[in-house]
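Let me begin by presenting the structure, written as structure tokens, before commenting on it.
Chains as they are written, first to last, in our numbering: chain A, 595 to 691; chain B, 7 to 189.
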């Protein structure tokens, strides 16, 4: 099942990348990043079946980092929304050259 | 679970994989953030089912608990809190140029990954016997094979995780707090 899992993992990762590139809503971009993390987790689990259980331990750590990232990232989005009253990244262009 | 896979197993693996991919596609194309979030929850449930099929029962359970349960609820709460439903927020897809660029990047990434999968370098000295993980789970239970390396080999990483979570909690509280001194 390794090849099939890697196939689904790659497809889900690419959908996440395309989502990040085509959307402007900060929250949806953030969810696309979560989808990419999930896709990589699927690869880890598939490799764990072949190369030993360390892959599943790594998934555990990835999930922890994702939880921390979601907490901080959403707090940043809320702070941003308080200042600019939008989460549209097109209108948040302070650093744009 | 290796060796002769039953048609039942293979069918369900492909079924959940297909539902995951279709839900992910619907997720990136929905305009409403709430609909997008719910499709992403669906993707995560399908991934949990695939983890169970890949001998990772514990990971499947925490996928449902942590990802589909906790993280996505936080996302939905933020969407609700910011009241992101009005039309100016809904029309957020980028223009045609960006879509073409994204499609090109997507195709390039897919081609790259498929090329790498074809040219997978076998590491026979590392590979377990087919079904070794399933046998280990059958004798030790689903959690013990993960818990042992987690608390021995990866103990430092595990402890550092607690520091990371503490930093995330403090960061979220500080960022989310309304500023008292401003004004």
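By construction, the Cβ of each residue, glycine as well, lies at the ideal position given by its N, Cα and C atoms.
Contacts with chain A at 8 Å (Cβ-Cβ) do not include residue 157 of chain B. The Cβ atoms of residue 22 of chain B and residue 55 of chain B sit closer than 8 Å to each other. For residue 677 of chain A, the enclosing alpha helix (DSSP H) has its first and last residue at 648 to 678. Interface criterion not met: the Cβ of residue 688 of chain A is under 8 Å from no Cβ in chain B.
Within the stretch 32 to 120 of chain B, the complete alpha helix (DSSP H) segments of 4 residues or longer fall at 39 to 59, 63 to 68, 78 to 88, 93 to 96, listed in chain order.
For residue 617 of chain A, the CB contacts under 8 Å within the same chain, skipping 5 residues up- and downstream, are 623, 626 in chain order. Nearest to residue 155 of chain B by C-alpha distance, out of A:646, A:661, A:681, A:613, is A:646. Contacts with chain B (Cβ-Cβ distance below 9 Å) from the stretch 634 to 649 of chain A involve 635, 636, 638, 639, 640, 642, 643, 644, 645, 646, 647, 648, 649, listed in chain order. Contact of residue 595 of chain A with chain B by beta-carbon distance below 7 Å involves 19, 60. Look at residue 635 of chain A here: in three-state DSSP terms it is helix. In the same chain as residue 634 of chain A, and ignoring 5 residues on each side of it, the C-beta atoms closer than 8 Å to its own belong to 603, 607, 656, in chain order. Contact annotation: residue 629 of chain A and residue 649 of chain A have beta-carbon atoms that are not nearer than 8 Å.
By the neighbour-count definition (other C-beta atoms within 10 Å, threshold 16), residue 149 of chain B is an exposed residue. Within the model, the alpha-carbon separation for residue 13 of chain B versus residue 52 of chain B is close to 19 Å.
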